[in-house]
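Each remark here refers to the structure printed beneath this line.
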Amino acid sequence: MTVPHLTTALTGPLRDLERHILQAQPAIEHWLRTQWQEHSSPFYASVDLRNAGFKLAPVDTNLFPGGFNNLAPEFLPLAVQAVMVAVEKICPDARGILLVPENHTRNVFYLSNVAALQNILRQAGMKVRIGTLIPEISQPTPVELPGGASLLLEPIVRKGNRVGLADFDPCTILLNNDLSAGIPTVLRDLEQTVIPPLHAGWAVRLKSHHFAAYDTVAEEFARLVGIDPWLINPYFGTCGEVDFQARSGEDCLAGWVDDILARTAAKYREYGIDQQPFVIVKADAGTYGMGIMSVKSASEMRGLNRKQRNRMAVVKEGLEVSRVLVQEGVPTYESINEAVAEPVVYMIDHFVVGGFYRVHTGRGPEENLNAPGMHFVPLAFEENCHQPDLDASPDATPNRFYAYGVVARLALLAAALELERTEDAAAAAS
5 MTVPHLTTAL TGPLRDLERH ILQAQPAIEH WLRTQWQEHS SPFYASVDLR
55 NAGFKLAPVD TNLFPGGFNN LAPEFLPLAV QAVMVAVEKI CPDARGILLV
105 PENHTRNVFY LSNVAALQNI LRQAGMKVRI GTLIPEISQP TPVELPGGAS
155 LLLEPIVRKG NRVGLADFDP CTILLNNDLS AGIPTVLRDL EQTVIPPLHA
205 GWAVRLKSHH FAAYDTVAEE FARLVGIDPW LINPYFGTCG EVDFQARSGE
255 DCLAGWVDDI LARTAAKYRE YGIDQQPFVI VKADAGTYGM GIMSVKSASE
305 MRGLNRKQRN RMAVVKEGLE VSRVLVQEGV PTYESINEAV AEPVVYMIDH
355 FVVGGFYRVH TGRGPEENLN APGMHFVPLA FEENCHQPDL DASPDATPNR
405 FYAYGVVARL ALLAAALELE RTEDAAAAAS
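Mapping of the sequence shown onto our numbering: residues 5 to 434, in sequence order.
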């Protein structure tokens, strides 16, 4: 595999950040080990990173990752080993796993992800079958995939407080469905372990809660490494009770845009960055790159046209947007074949198992790349990103990807804290 060229990999202040991370590698790994003794890692996750040259930060964390088919096959053994560790914690006898995917029966690219995930689980020694929530599927239904493979979707059957298939009683339910449409009744109050937990789905989860948890993690990590936490953490704010169609909540949005632009501009001046700051405005819940826009002034939030309001008002599964996250924009100056790219790092348990570049030929460095027209290039780790060469230049490939792996694991730790806080809040309310 070849390593895609990183346009800002060889110069700029980011080298100093990477050097800090490399020099602190023993302390970082020890600190992360202690964190995972105190907190339970999500079963899996993917993290979207943005490398601005002067800043390396996560901008989104997905707890139901849907791109396992985009990972480099050379890293399959890492994923299999990580699954073995994760499953031992949940279902030591490995009686079987029911994998519940999204209802995307016509999206063969997504279903290729399901097939790749099923293959990883099977190679880890699991019995794995696919249970669908689609009401129209009442009998086992094969779906053809690119390359001649197929996937068998089977209707979920509930018996008492257990779910499975007609002839399959699994130990664990693994969701690859982010529950944007709500928590199905068939999955509630089960005696089996459901992973990720139901409160990790977008019916409950909020991005602002995740980044509030990431604030905590980034502050502690920055003290450990001796850096400004801003170098790994984007500013953010949130607005509730927003209605784009009725134009309500615009003052709140404009206020946060002004605030974050001003704080970012101050940091740019501090670090001598000659660029215009921008912010990303996006739905506080939901995924698939929907409900996102990039703005450079508060006035843009008061002047949205009908098309822009319609695009921001509804996200996946027709979920209406009522809460909005306003986040400091982190540009990406990485490119592949002159197309803008951003790394997406995949983890199972608390291990980095690979990743890919999300590439978009029609988008710029300040725009959301998770949009129609994107394609994926596997991250070509020349070496496992857990094993940096401490004697090499920060520009050496394993070192660069080690930094990506560290920041991604910080986001994973934030997700663990976020889920704990959500569960604690639910318990306190009940």
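Glycine included, every Cβ here is placed at the ideal spot set by N, Cα and C.
Quick check on residue i: does DSSP put it in helix, strand or coil?
i, result
"P174", "coil"
"L243", "First, the amino acid is wrong: residue 243 is Cys here, not Leu. Looking at C243 - three-state DSSP - the assignment turns out to be strand."
"L183", "coil"
"F225", "helix"
"G259", "helix"
"F47", "coil"
"L194", "coil"
"I231", "coil"
"N372", "coil"
"V406", "The sequence given here places Tyr at residue 406; Val does not occur at that position. Here Y406 sits in helix by DSSP."
"I25", "helix"
"M316", "helix"
"F72", "helix"
"M351", "strand"
"F360", "strand"
"I264", "helix"
"Q331", "strand"
"G290", "coil"
"A13", "In this prediction, A13 has a pLDDT of 34, which is less than 50 and means its spatial position is unreliable; nothing more can be read from the coordinates."
"R162", "strand"
"H203", "helix"
"G276", "coil"
"C61", "The sequence shown places Ala at residue 61, rather than the Cys named in the question. Residue state, collapsed to three classes: strand."
"N123", "helix"
"M378", "strand"
Is the beta carbon of residue j closer than 9 Å to that of residue i?
i, j, result
"N372", "M297", "yes"
"V468", "Q122", "Beyond the ends of the chain as shown, which are 5 and 434, falls residue 468; an answer cannot be given."
"L75", "Y350", "yes"
"V104", "L82", "no"
"A128", "V91", "yes"
"P200", "F47", "yes"
"V265", "V285", "It is worth fixing the name first, because residue 265 is Leu in this sequence and not Val. No. Outside cutoff."
"H213", "T365", "no"
"H354", "W35", "no"
"L67", "A49", "yes"
"R306", "E245", "no"
"I101", "V118", "no"
"L21", "A418", "no"
"L235", "F58", "yes"
"V381", "Y361", "yes"
"A412", "V63", "no"
"A28", "V221", "no"
"H24", "V229", "yes"
"N55", "Y272", "no"
"G70", "N237", "no"
Just the C-alpha distance for residue i and residue j, rounded to the nearest angstrom, thanks.
i, j, result
"N388", "V198", "Summary for N388: the model assigns pLDDT 45, below 50, so the residue's position carries little reliability; its value from the coordinates is reported in the next sentence. Those two C-alpha atoms are separated by around 30 Å."
"E195", "R227", "42 Å"
"P30", "E346", "27 Å"
"E424", "G152", "42 Å"
"S44", "D173", "26 Å"
"D428", "E158", "35 Å"
"E140", "E106", "14 Å"
"L155", "A61", "36 Å"
"A120", "F240", "35 Å"
"V410", "L53", "11 Å"
"Q331", "I352", "27 Å"
"V328", "W260", "11 Å"
"N3", "N73", "Residue 3 falls outside the range modelled here, since the chain spans only 5 to 434, and no answer is possible."
"C175", "I187", "20 Å"
"A431", "E33", "32 Å"
"N314", "S184", "19 Å"
"T65", "Q143", "34 Å"
"K93", "Q312", "46 Å"
"D97", "M130", "10 Å"
"N309", "G377", "24 Å"
"S326", "R209", "14 Å"
"T38", "E224", "13 Å"
"D278", "D219", "26 Å"
"R267", "H379", "33 Å"
"Y114", "V147", "12 Å"
"C243", "C256", "6 Å"
"G358", "R99", "27 Å"
Could you check how far apart the C-beta atoms of residue i and residue j are, in whole angstroms? I think they sit under 8 Å.
i, j, result
"A302", "A258", "4 Å"
"L149", "V87", "With a Cβ gap of about 21 Å, L149 and V87 do not count as contacting."
"A217", "L421", "4 Å"
"V167", "I177", "6 Å"
"D193", "N165", "6 Å"
I'd like to confirm something about residue i: is its beta-carbon nearer than 8 Å to some heavy atom of the ligand GDP, or not?
i, result
"N107", "By its list of ligands, the structure shown contains no ligand whatsoever, and the ligand GDP lies outside what it can speak to."
Practice problem: Evaluate the contact criterion for the stretch 191 to 206 versus the stretch 235 to 253: three or more CB pairs, one atom per stretch, below 8 Å. | Solution: no
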